[in-house]
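Remarks on the structure that follows.
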Amino acid sequence: MAFSLTEKDVLRLRRILLDLLDRSEADGCVVCDSGGYVLAQEGRGTSDPLLLSALGAGVFAASRELARILGEDEFSAVFHQGEKRSIFIRAVNREVLLVIIFSNTANVGLVRLYAGPASGEMRGLFDEVAAAGVGVEHPERTFVLTEGGDLFGAANPG
Amino acid sequence: MCGGADMSFVNFAIREVQLKIVYYGPGLGGKTANLQYIHQAIAPAARGALTSVATSKDRTLFFDFMPLVANAIENFTTRFQMYTVPGQVMYNTTRRLVLRGADGVVFVADSQWSRMADNVESFANLEENLRLQGDSLDQIPYVLQYNKRDLPNIAPLNYMEFLLNNRGVRRPSFGGVAPQGAGVFETLNMIARLVLNRFVKTHARREAKESDLVLV
Numbered sequence: 001m002a003f004s005l006t007e008k009d010v011l012r013l014r015r016i017l018l019d020l021l022d023r024s025e026a027d028g029c030v031v032c033d034s035g036g037y038v039l040a041q042e043g044r045g046t047s048d049p050l051l052l053s054a055l056g057a058g059v060f061a062a063s064r065e066l067a068r069i070l071g072e073d074e075f076s077a078v079f080h081q082g083e084k085r086s087i088f089i090r091a092v093n094r095e096v097l098l099v100i101i102f103s104n105t106a107n108v109g110l111v112r113l114y115a116g117p118a119s120g121e122m123r124g125l126f127d128e129v130a131a132a133g134v135g136v137e138h139p140e141r142t143f144v145l146t147e148g149g150d151l152f153g154a155a156n157p158g
Numbered sequence: 159m160c161g162g163a164d165m166s167f168v169n170f171a172i173r174e175v176q177l178k179i180v181y182y183g184p185g186l187g188g189k190t191a192n193l194q195y196i197h198q199a200i201a202p203a204a205r206g207a208l209t210s211v212a213t214s215k216d217r218t219l220f221f222d223f224m225p226l227v228a229n230a231i232e233n234f235t236t237r238f239q240m241y242t243v244p245g246q247v248m249y250n251t252t253r254r255l256v257l258r259g260a261d262g263v264v265f266v267a268d269s270q271w272s273r274m275a276d277n278v279e280s281f282a283n284l285e286e287n288l289r290l291q292g293d294s295l296d297q298i299p300y301v302l303q304y305n306k307r308d309l310p311n312i313a314p315l316n317y318m319e320f321l322l323n324n325r326g327v328r329r330p331s332f333g334g335v336a337p338q339g340a341g342v343f344e345t346l347n348m349i350a351r352l353v354l355n356r357f358v359k360t361h362a363r364r365e366a367k368e369s370d371l372v373l374v
């Protein structure tokens, strides 16, 4: 699905994520969709949320296929444990993922515990976003494409 | 599986638009080479890192990913998320996963005569995977790149067109030599424009609604 988040949506999302980080003592979190778009981020977990979303969405999509092979509908969460930092990915709904980064001084149990209610709150928000749709009344005025020329080119042509 | 047309993401709070472009095609056809060339040629400020989930022999295993940013929509930051899929036949499941949410597709064909069957199979595979996610080549913007134009034993461009660009509406196509950059930016700029035009159309509402999304 396509997403359009208003300022109100973003503020609501921010509140949910900041609350999650505070309670779970995680370093940072990213909310992304199954295609890898970054929908929101908070905290200091990563300097590259775009890449984290792309890889996180890929990992979770692969885990869904693994679940299917095992006869499960899906795995609701994926956990990767590192030596110093770990990552916990939880499905908010079929299209949205919550990616939480935490150091190993934090408690994975707390992360799992608070990820649940945070996901639930976000699910409600995204249900409303989906119901609202993505359209604007005058897209040609809201989204004005820049005139002429190519968008991309070599930095040092020739 | 959820899917279908109308992907993309708009964040009105930070005025950002995100769009996803996927490079598709047979194995070793030049999809990764396109992104590698863009990565090394484009200004660093316009791109992020190129990340490849690949085998030890540098064959794409899951995907390549590289974000680009452009001044495409006034008063918005437009981010293009560029992906390639693994081209080898056995990776169809992962190709479907990467294709999810694509706003546009670049089909990179290998111009060598020996690869024609692979081109056709890969194109049919693209159609099928789009159909499974509720989309189709009739709806999604796509362009074709006929790569490896520098090699001997290649098919002429009109043959490639006949083979791959024979649907009701002809799509833009470009000859290319991806490692040298020939056709790479032409292809990228065309798919970016097509995706942007569709994005604006997609965001039209049929009925006027009072909404804080409306900006005049």
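From first to last, the protein sequence lines are chains A and B. Sequential numbering of the first sequence, starting at 1, is according to my numbering. Sequential numbering of the second sequence, starting at 159, is according to my numbering. C-beta atoms are modelled at their ideal positions from N, C-alpha and C, and glycine is treated no differently. None of the values given here were measured: they were computed from a predicted structure.
Partners in chain B for residue i, counting only beta-carbon separations shorter than 7 angstroms
| i | result |
| --- | --- |
| A/A160 | Residue 160 of chain A is absent from the model: chain A starts at 1 and stops at 158. |
Residue(s) in a DSSP beta bridge with residue i
| i | result |
| --- | --- |
| A/D33 | A/V96 |
| B/Y300 | B/V263 |
| B/T235 | B/E174 |
| B/A340 | B/V335 |
| B/A212 | B/T218 |
| A/S4 | B/V168 |
| B/M224 | B/M240 |
| A/Y114 | None, per the DSSP bridge assignment. |
| B/Q291 | DSSP, once it has assigned bridges, lists no residue as partnering B/Q291. |
| A/E42 | A/C29 |
| B/V180 | B/Y241 and B/V263 |
| A/A77 | A/R90 |
| B/D268 | B/N305 |
| A/I101 | A/G28 and A/I87 |
Neighbour list for residue i in chain A, Cβ cutoff strictly below 7 angstroms
| i | result |
| --- | --- |
| B/E286 | Per Cβ cutoff of 7 angstroms: no residues; B/E286 is ~17 angstroms from chain A at best. |
| B/P225 | L50 |
| B/E232 | V144 and T146 |
| B/N169 | L5 and V10 |
Within-8 angstroms CB hit, residue i to chain B
| i | result |
| --- | --- |
| A/L17 | no |
| A/A211 | No answer is possible for residue 211 of chain A: it lies beyond the span of chain A, which begins at 1 and ends at 158. |
| A/T6 | yes |
| A/L39 | yes |
Closer than 8 angstroms to chain A by CB, residue i
| i | result |
| --- | --- |
| B/Q176 | yes |
| B/T190 | no |
| B/Q297 | no |
| B/Q239 | yes |
| B/D243 | Contrary to the premise, residue 243 of chain B reads as Val rather than Asp in this sequence. Not one chain A Cβ lies under 8 angstroms of B/V243. |
| B/T251 | yes |
| B/T218 | no |
| B/A212 | no |
| B/V278 | no |
| B/R173 | no |
| B/D370 | Its pLDDT being 36, under 50, B/D370 is placed unreliably by the model, and the measurement read from it follows with that caveat. So, interface residue. |
| B/C160 | Annotation note: pLDDT 32 at B/C160 (below 50); position unreliable, coordinate value reported separately. Closer than 8 angstroms: yes. |
Assumed close pair residue i, residue j - CB separation to whole angstroms, cut-off 8 angstroms
| i | j | result |
| --- | --- | --- |
| B/F343 | A/G153 | 6 angstroms |
| B/S269 | B/R307 | 6 angstroms |
| B/F332 | B/Q303 | 5 angstroms |
| A/S53 | A/G36 | 5 angstroms |
| A/L110 | A/L13 | Between A/L13 and A/L110 the Cβ distance is about 21 angstroms, and since that is not below 8 angstroms, they are no contact. |
| B/T136 | B/L177 | Lying outside 159 to 374, the shown extent of chain B, residue 136 of chain B is not represented and no answer is given. |
| A/Q41 | A/V30 | 5 angstroms |
| A/A91 | A/S76 | 6 angstroms |
| A/L20 | A/A118 | 4 angstroms |
| B/I438 | B/M240 | Given a span of 159 to 374 for chain B in the structure shown, any question on residue 438 of chain B remains unanswerable. |
| B/T252 | B/F220 | 5 angstroms |
| A/R85 | A/I69 | Incorrect: roughly 29 angstroms between the Cβ atoms, too far for contact. |
Where residue i meets chain A, residues with beta-carbon distance less than 8 angstroms
| i | result |
| --- | --- |
| B/R258 | S34, G35 and A61 |
| B/G339 | A154 |
| B/G206 | D48, L50 and L51 |
Contacts that residue i makes with chain A (C-beta to C-beta distance below 9 angstroms)
| i | result |
| --- | --- |
| B/I200 | F152, G153, A154 and A155 |
| B/A228 | T146, L151 and F152 |
Neighbour list for residue i in chain B, Cβ cutoff strictly below 8 angstroms
| i | result |
| --- | --- |
| A/V129 | By Cβ distance, chain B contributes nothing, its closest Cβ being about 11 angstroms from A/V129, past 8 angstroms. |
Within chain B, the residues that residue i reaches when beta carbons sit closer than 9 angstroms
| i | result |
| --- | --- |
| A/G243 | Here chain A covers residues 1 to 158 and nothing more, so residue 243 of chain A does not appear. |
The ligand ZN heavy atom lying under 7 angstroms from the CB of residue i
| i | result |
| --- | --- |
| B/R356 | No copy of the ligand ZN occurs in the structure displayed, which carries no ligand at all. |
Review point. Which of the residues in the segment 350-362 of chain B, read from start to end, lie with their CB under 9 angstroms from any CB of chain A?
Key: Flagged, chain order: A350, R351, L354, N355, F357, V358, K359, T360, H361 and A362.
Practice item. Can you give me, in chain order, the residues of the segment 317-349 of chain B that have a beta carbon less than 8 angstroms from any beta carbon in chain A? Key: Going along the segment 317-349 of chain B in chain order, one finds G339, F343, L346 and N347 with a Cβ nearer than 8 angstroms to chain A.
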